[in-house]
Amino acid sequence: MPSAGEVLKNAVMWEVKAYEFYMRASEEVGNQSLKGLLLGLAGEELKHKEMIDRLDVGNIGVRTCGIDFIDLVGEFGSNTYEIRKSAARVLEFAMDKERKAEEKYRRLSLELDDPEAKKVCEVLAAAENCHFSLIAAELGRLHRKSV
Numbered sequence: 000m001p002s003a004g005e006v007l008k009n010a011v012m013w014e015v016k017a018y019e020f021y022m023r024a025s026e027e028v029g030n031q032s033l034k035g036l037l038l039g040l041a042g043e044e045l046k047h048k049e050m051i052d053r054l055d056v057g058n059i060g061v062r063t064c065g066i067d068f069i070d071l072v073g074e075f076g077s078n079t080y081e082i083r084k085s086a087a088r089v090l091e092f093a094m095d096k097e098r099k100a101e102e103k104y105r106r107l108s109l110e111l112d113d114p115e116a117k118k119v120c121e122v123l124a125a126a127e128n129c130h131f132s133l134i135a136a137e138l139g140r141l142h143r144k145s146v
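The sequence shown begins at 0 in numbering that gives the first Met the number 0 and counts up one residue at a time.
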């Protein structure tokens, strides 16, 4: 079972990978609205990393932690292919990752024994949900344009 520190370290890695994905994707797309969204999401992911980095992970414990972010980190390994397929596929890929991250942060907030860490995870879960909604709206616009 990973420690709280290990889980949060992997959450930081997830945020960095998400940032890198959004930056690469923003360079590949021609649509300026989509480019702006992706750059904005990249900036948000860096803020998430900073929030986690500020936690004193040495003093945080977990009750039972079957939660980890390392699987999400691994899923970003093959994303170059997804970026080149289509703008819609980029958004679908991102939506899937944002949904999974939200779920992990929500579950983690229930497992941590530190009030500050719980709050950070709750805030991050809400932010990932917001990202999912923004991406879904952009995907809807892309689909309407293509019809």
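Ideal Cβ positions, reconstructed from N, Cα and C, are used throughout, including at glycine. Owing to the predicted nature of the structure, the values given are computational and were not obtained by experimental measurement.
DSSP three-state assignment for residue i, whether helix, strand or coil
i	result
leucine 54	coil
asparagine 30	coil
serine 2	coil
glutamate 19	helix
tyrosine 80	Its pLDDT being 49, under 50, tyrosine 80 is placed unreliably by the model, and nothing is read from it.
methionine 12	helix
Euclidean distance between Cα positions of residue i and residue j
i	j	result
valine 89	lysine 96	11 Å
glutamate 49	alanine 135	25 Å
glutamate 43	tyrosine 18	8 Å
alanine 86	lysine 16	19 Å
cysteine 129	lysine 8	23 Å
valine 56	leucine 38	29 Å
tyrosine 80	alanine 24	A caution first: tyrosine 80 carries a pLDDT of 49, below 50, which makes its placement in the model too unreliable to give a value.
arginine 98	arginine 143	23 Å
leucine 123	glutamate 101	7 Å
glutamate 27	lysine 46	23 Å
tryptophan 13	arginine 53	16 Å
isoleucine 51	valine 11	7 Å
serine 108	alanine 125	12 Å
Range covered by the alpha helix (DSSP H) that runs through residue i
i	result
aspartate 95	86–110
isoleucine 134	114–145
- Query: Per the contact definition of three or more C-beta pairs closer than 8 Å, is the segment 110–124 in contact with the segment 31–43?
  - Reply: no
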